[in-house]
Amino acid sequence: MKIRIIGYAGSGKTSLTIKLQEKYIIQGISLDDYLKIKDKTQRANTLESRLSMLDSWIVEGVQVSPWTRKTFTDADLVVILDYPIYVTQYRVFKRAMTQVFDPKRNMNQKKKAMKRMFKLFKWNSRFRKRLPAIKANLNKQPMAVMILESPKDENRLHQYVKKQNRLKKHRIDRKQQVRNSTKKESRK
33 MKIRIIGYAG
43 SGKTSLTIKL
53 QEKYIIQGIS
63 LDDYLKIKDK
73 TQRANTLESR
83 LSMLDSWIVE
93 GVQVSPWTRK
103 TFTDADLVVI
113 LDYPIYVTQY
123 RVFKRAMTQV
133 FDPKRNMNQK
143 KKAMKRMFKL
153 FKWNSRFRKR
163 LPAIKANLNK
173 QPMAVMILES
183 PKDENRLHQY
193 VKKQNRLKKH
203 RIDRKQQVRN
213 STKKESRK
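Using my numbering, you'd call the opening residue of the sequence shown number 33 and step up by one each time.
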């Protein structure tokens, strides 16, 4: 199964990916890891190359841009974490404050954490404005789209993934039965 997870900064994309990865043994990929590649064409090619080596994957990241297009078009399911903005902003704040009050961090690292927090606040605000258009565009695509509005909605996601895995296993078992019966027929 190929799953793409998007949502606000602080919505829990990485945490959800880790849970799914551990429960269903699916490779998780964070788009943040690809931001180090400055050339967007090279970034897209590197990501596409990695995805092409995997039968199943979970890609998580806030990025909805041309270099991530294939993560949407190849996905069987797109999960949108559309939690209330106050929840995600609080999580961004909490993450930053944990870094600011960490005695092991120097003053420069603490300043960077504060700057990043304000950048993420702004980013979340812009994402909130773009989200209706993103949802409308995704609903025109052939893949399934699931919107989670609270962490409690994760159960719905798990039920969906389990069902898809059972269907996939059934299709594989059925193909194997057909192959076996074909082999028996050819021996006669």
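Heads up, the beta-carbon is just placed ideally off N, CA and C, and yes, glycines get one too.
Proximity to Tyr122 [Cα-Cα], best of Lys34, Met33, Arg36, Gly44 = In the sequence shown, the residue the question calls residue 122 occupies position 90. When each option's Cα is compared against that of Tyr122, the closest is Gly44.
Where Ser47 falls: helix, strand or coil (DSSP)
Here residue 47 refers to the residue found at position 15 when the sequence shown is read from its first residue. Helix at Ser47.
- Bridge partners of Arg36, per DSSP? Walking along the sequence shown from the start, residue 36 turns up at place 4. In DSSP, Arg36 forms a bridge with Val91, Val110.
Q) Using the beta-carbon count (16 or more within 10 Å), is Asn156 buried or exposed? A) As a working mapping, residue 156 is identified with position 124 in the sequence shown. Asn156 is buried by the Cβ-count criterion.
Exercise. At a cut of 8 Å, does the region 56-71 reach the region 136-146 through at least three beta carbon pairs?
Worked result: no
Exercise for the section: State the Cα-Cα distance for the pair Ile90 and Ser182, rounded to the nearest angstrom. Expected result: Counted from its first residue, the sequence shown places residue 90 at position 58. Counted from its first residue, the sequence shown places residue 182 at position 150. For Ile90 and Ser182, the distance between alpha carbons rounds to 20 Å.
**Item:** Where Ser97 falls: helix, strand or coil (DSSP)
**Value:** Numbered from 1 along the sequence shown, position 65 holds the residue referred to as residue 97. Reduced to three states, the DSSP call for Ser97 is coil.
Subject >> Beta-bridge partners of Met178, as assigned by DSSP >> reply: Here residue 178 is taken as the residue at index 146 of the sequence shown, counted from 1. Val111, per the DSSP bridge assignment.
Output needed for Gln173: all residues of its chain with C-beta closer than 6 Å, excluding positions within five of it in sequence on either side, in chain order.
Along the sequence shown, one-based indexing puts residue 173 at 141. None.
Item to complete: Determine which residues share a DSSP beta bridge with Gln173 and list them.
Response: For the purposes of this step, residue 173 is taken as residue 141 along the sequence shown, with counting starting at 1. Answer is none; Gln173 lacks a bridge partner.
Cα-Cα, which of Lys200, Gln59, Thr46, Lys126 is closest to Leu113? As a position in the sequence shown, residue 113 is number 81, starting the count at 1. The shortest C-alpha separation from Leu113 is found at Thr46.
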